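Single-structure report; data block below.
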Amino acid sequence: MPQFQFNCQLVKNMRNTNTLTKEEWEQYHDLGYISLGVVYPEEKIDELCDRIDEIMLGNISYEGMKMQVCPSAYGEKDGTSFTTEPPRGSLKFRKIQELEMDPLFLAYIQHPLFRHISRELIGERISIFRAMFFNKPANGGVPLVWHQDGRSWNLNKYPEMTIYTALDKATKANGCVQIVPNSHRECTVHTVESEEDIARFAPPENRHFLEMEKGEVVMFKAKTLHSSLVNTTDRPRRAFSIGFIDSDSYNVKTHQRYPLVFPHYEPIPANG
Ligand SMILES: O=C(O)CCC(=O)C(=O)O
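The opening residue of the sequence shown carries number 159 in the numbering used here; numbering runs sequentially from there.
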C-alpha cells in the first residue's frame with residue numbers, strides 16, 4: 159500500500175488522519191453523506207488532473223478503458239453511449255471508466271483513508287465496481303438526473319457507498335453535485351425522473367449543493383439521491399468517483415467479477 163509522507167502543515171484544509179471519528183461515522187449514517195476534507199496534496203491532485211487530460215487527449219491509453227464523449231460536444235443535451243475509440247485531441251468527455259488501470263489513479267484509490275473506510279464498512283478484501291472520471295467540460299456538460307448509485311450495475315449485492323473527489327473546485331456555477339440529505343432512508347426509487355417522484359423524494363427545499371474545494375472528498379451512501387447540472391464557466395469541472403464493494407461481488411448477468419484493490423491490486427480475473 160502506498161505511504162503518504164507529505165507535510166500536512168503545508169496544505170490548506172488537509173485532513174491529518176486516515177481514520178474517521180465516531181462523530182463522522184454518525185453523520186455519514188445519519189445524513190447519508192459526509193465531507194472528509196482534502197486528503198491528498200494539491201500537487202498530487204494536479205498530477206491526476208494532468209493525467210486525465212492526457213488520457214482524454216489520447217496521449218496515454220489503456221486497452222479496454224471505456225470513454226464517453228460528452229453530448230454537449232455535439233450540441234446535444236443528453237446521451238450515454240461509451241466508445242473505446244474516442245476522437246483525438248478533445249477534452250470534451252463526460253465519463254471515463256476503469257481508471258484503476260492507471261498507476262496514478264490506482265495509488266489514489268489505495269489511499270489509507272479509503273482502506274480504513276472500506277475495511278470498516280465492507281471488509282478486508284475490497285474490489286471496485288467503478289473507478290470513474292466525471293467531467294463537465296468548460297461551458298458544457300449535460301444534466302445528470304436524480305439517482306442512487308449502483309442499482310443499474312447488476313451487482314449481486316447492493317453497494318454501500320461512493321467516495322467522490324473534486325479534482326477542480328466544484329461550485330453551483332460549474333455544475334457541482336447536488337444531494338438530498340436523508341434520502342438513503344426514504345427514497346425507494348433508483349432514478350427519480352417523474353415530476354411526482356421529484357416532488358416526493360427531491361423537492362427543492364431538501365436539496366443541498368455540494369460545493370467542494372479542489373481535492374475535497376465527500377463520501378455518500380449509494381442510496382443517497384444525487385444529481386448535477388451543467389457547467390456555465392469557462393473552466394472544466396473534473397471529478398473522480400470510486401465505488402468500493404466486497405471482493406465476492408459479481409455481475410449477475412455476465413458473472414464478471416471486479417478488480418481487487420485491497421489488500422493489493424489484481425485486475426479483473428481472466429476467467430471472470
Ligand atoms: O460528478 C457528477 O456530476 C456526478 C457524480 C455521480 O453521480 C457519482 O459519483 O455517482
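Virtual Cβ for every residue (Gly too), placed ideally from N, Cα, C.
Computed from a predicted structure; not experimentally measured.
Terminal residues of the alpha helix (DSSP H) in which residue i lies
i, result
"Leu-262", "261-267"
"Gln-185", "180-189"
"Leu-271", "270-279"
"Ala-397", "Looking at the DSSP string, Ala-397 is not in any alpha helix (DSSP H); the run it does join, the beta strand (DSSP E), is 395-404."
"Ile-254", "Looking at the DSSP string, Ile-254 is not in any alpha helix (DSSP H); the run it does join, the beta strand (DSSP E), is 251-254."
"Glu-101", "The question about residue 101 has no answer, for the chain in this structure spans 159 to 430."
"Arg-358", "353-359"
Extent of the continuous beta strand (DSSP E) run through residue i
i, result
"Leu-302", "302-305"
"Ala-324", "319-324"
"His-384", "384-386"
Three-state secondary structure assigned by DSSP to residue i
i, result
"His-348", "coil"
"Glu-221", "coil"
"Asp-208", "helix"
"Lys-202", "helix"
"Ile-426", "coil"
Strand pairing of residue i, partner residues [DSSP]
i, result
"Ala-331", "According to DSSP, which records beta bridges pairwise, Ala-331 is partnered with nothing at all."
"Ser-285", "Ile-403 and Leu-418"
"Gly-195", "Val-375"
"Leu-434", "Lying before the first or after the last residue shown, residue 434 is absent from the chain, which here runs from 159 to 430."
"Lys-294", "Arg-395"
"Met-214", "Met-214 pairs with nothing; no bridge assigned."
"Val-140", "Residue 140 cannot be examined here, being either before or after the span of the chain that is shown, 159 to 430."
Spatially closest choice to residue i from the options, by CA coordinates
i, options, result
"Gly-298", "Ser-248, Trp-311 and Gly-308", "Ser-248"
"Asn-312", "Met-259, Ser-407 and Gln-336", "Ser-407"
"Pro-425", "Ile-284, Val-410 and Ser-352", "Ile-284"
"Cys-345", "Lys-381, Glu-278, Met-377 and Pro-362", "Lys-381"
"Leu-368", "Ile-210, Leu-302, Val-338 and Pro-362", "Val-338"
"Gln-306", "Met-172, Thr-177, Gly-190 and Asn-171", "Gly-190"
"Pro-394", "Met-214, Tyr-198, Gln-414 and Glu-184", "Met-214"
"Leu-325", "Ser-310, Arg-309 and Lys-294", "Lys-294"
"Tyr-198", "Asn-217, Pro-421 and Asn-171", "Asn-171"
"Lys-372", "Thr-329, Trp-304 and Val-347", "Thr-329"
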